[in-house]
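Asks: Sharing a structure, written as structure tokens. Questions coming.
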Amino acid sequence: MLIFTCSAQHAAVSNGQFDYGAWMPNTPSTLQLPPPTKKDTVTEETILNTLPNISTTVHAMAVLNLLSKQSSDFVALGQYPNEYFNEETPLSLIKVFQKELGDLHEEITKRNKDQALPYTYLDPKLIENSVSL
Numbered sequence: 001m002l003i004f005t006c007s008a009q010h011a012a013v014s015n016g017q018f019d020y021g022a023w024m025p026n027t028p029s030t031l032q033l034p035p036p037t038k039k040d041t042v043t044e045e046t047i048l049n050t051l052p053n054i055s056t057t058v059h060a061m062a063v064l065n066l067l068s069k070q071s072s073d074f075v076a077l078g079q080y081p082n083e084y085f086n087e088e089t090p091l092s093l094i095k096v097f098q099k100e101l102g103d104l105h106e107e108i109t110k111r112n113k114d115q116a117l118p119y120t121y122l123d124p125k126l127i128e129n130s131v132s133l
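When you number the sequence shown by UniProt numbering, it's gap-free, plus one each residue, and the end is 133.
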């Protein structure tokens, strides 16, 4: 569970932040007015007055972009420096794990092939080996 939480789950919720949040009405970083308390009272003007201003939006988008970018020292899930594991048992288990990740990558690539909007956030080749920002 720990490995899943620190790798796949983190990738699922973090890697797409900019893709979904760059359209500011999807995830406004602030609201300038309180949410409505009654149905049928919201107008276009109310919505525009509630959403954040351009400066706030640009700052929020910059943060989302930074949080969604692959880090410069990215290490894919299942890849480990040789000095961490050098005994036969862990090395054989790592090979099995890497094979399973490779199979998942191929399956995800096949599923995404004809999709207008492919879902790549859980592709093992794009999942960080740990939580990184």
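Backbone N, C-alpha and C fix where the C-beta goes; we use that ideal spot for every residue, glycine too.
Report the residue ranges of all alpha helix (DSSP H) runs contained in full by the segment 25 to 55; include only those spanning at least 4 residues, in chain order.
Replies: DSSP runs (the alpha helix (DSSP H)) wholly in the segment 25 to 55: 44 to 50.
Asks: Taking all protein chains shown into account, decide if Asn-15 is buried (16 or more other Cβ within 10 angstroms of its Cβ) or exposed.
Replies: Position 15 of the sequence shown holds residue 15. Looking at its Cβ environment, which holds 16 or more other Cβ atoms inside 10 Å, Asn-15 is buried.
Asks: Enumerate in chain order the residues of its own chain whose CB-to-CB distance from His-105 is below 7 angstroms, with the five nearest sequence positions on each side excluded.
Replies: Counting from one through the sequence shown, the residue named residue 105 turns up at place 105. So the list reads Asp-123, Pro-124 and Lys-125, once near-sequence residues are dropped.
Asks: Can at least three beta-carbon pairs, one atom from the segment 13 to 28 and one from the segment 46 to 56, be found at a separation below 8 angstroms?
Replies: At 8 angstroms Cβ cutoff, the stretches touch.
Asks: Glu-128 and Val-75: beta carbons closer than 8 angstroms?
Replies: Taking the first residue of the sequence shown as 1, we reach residue 128 at position 128. Taking the first residue of the sequence shown as 1, we reach residue 75 at position 75. Yes. Within cutoff.
Asks: Which runs of the alpha helix (DSSP H) spanning at least 4 residues fall entirely within the segment 49 to 94, listed in chain order?
Replies: Qualifying alpha helix (DSSP H) stretches, in chain order: 54 to 68.
Asks: Is it buried or exposed for Ile-108, if we count other Cβ within 10 angstroms and need 16 for buried?
Replies: Within the sequence shown, the letter at position 108 stands for residue 108. Looking at its Cβ environment, which holds 16 or more other Cβ atoms inside 10 Å, Ile-108 is buried.
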